[in-house]
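Read in order, the letters of the sequence shown correspond to residues 1 to 109 in the working numbering. Ideal Cβ placement from N, Cα and C applies to all residues, glycine included. Fair warning: this is a prediction, and the values are worked out from it, not measured in the lab. Note sheet for the following structure.
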Amino acid sequence: VSKIAGHALHSYGGSSSYDGSSRAKTKLTLCEDGTFRRHFSSGGYSNSSTVSVSYAGHSRYYGKWSVSGAKLRLFYNDGDRAEFELTENDAGHFLMNGERWLRADGDCR
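Written as structure tokens, this is what we have:
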């Protein structure tokens, strides 16, 4: 728990389109008081000879979090729940459900 409490965890999703023009980013801040903030943003563009389109989207979620064993549980204010398996790979990188997340100082106030 001490490795994630008070930290912001960042996931940078890979390309989700054939031309690499779509990206997603998630920031999960786990405050020491047991609350969390999750911010998801995505954006991209598409170009063709006749049409050019760009888009962006943002979502914010809040709730409480807890850790039991190697499981992180998120309890969203709207009643939804999520669970993540916490591990480290051989290089010491932090993983949630097998996906690498970067740890940074949190911004809880």
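If you check the CB distance, G63 and T87 do not come in under 9 angstroms.
With 16 or more neighbouring CB atoms inside 10 Å of its own CB, A8 falls in the buried class. Taking a 10 Å sphere around the C-beta of K27, we find 16 or more other C-beta atoms and assign the residue as buried. Between A70 and the set G79, D78, E85 and Y76, the nearest pair of CA atoms involves E85. Between the beta-carbon of H39 and that of W101 there is about 14 angstroms, and that puts the pair past the 8 angstroms contact cut. The beta carbon of N77 is closer than 8 angstroms to those of Y61, Y62 and G63 in its chain, skipping five residues each way along the sequence. Straight through space, the alpha carbons of S42 and K3 are spaced by roughly 27 angstroms.
Of the residues assessed, G106 falls on the buried side of the cut-off, its CB having 16 or more other CB atoms within 10 angstroms. In the same chain as K25, and ignoring 5 residues on each side of it, the C-beta atoms closer than 6 angstroms to its own belong to Y12 and S41, in chain order. In the three-state DSSP reduction, K3 falls in the coil class, being neither helix nor strand.
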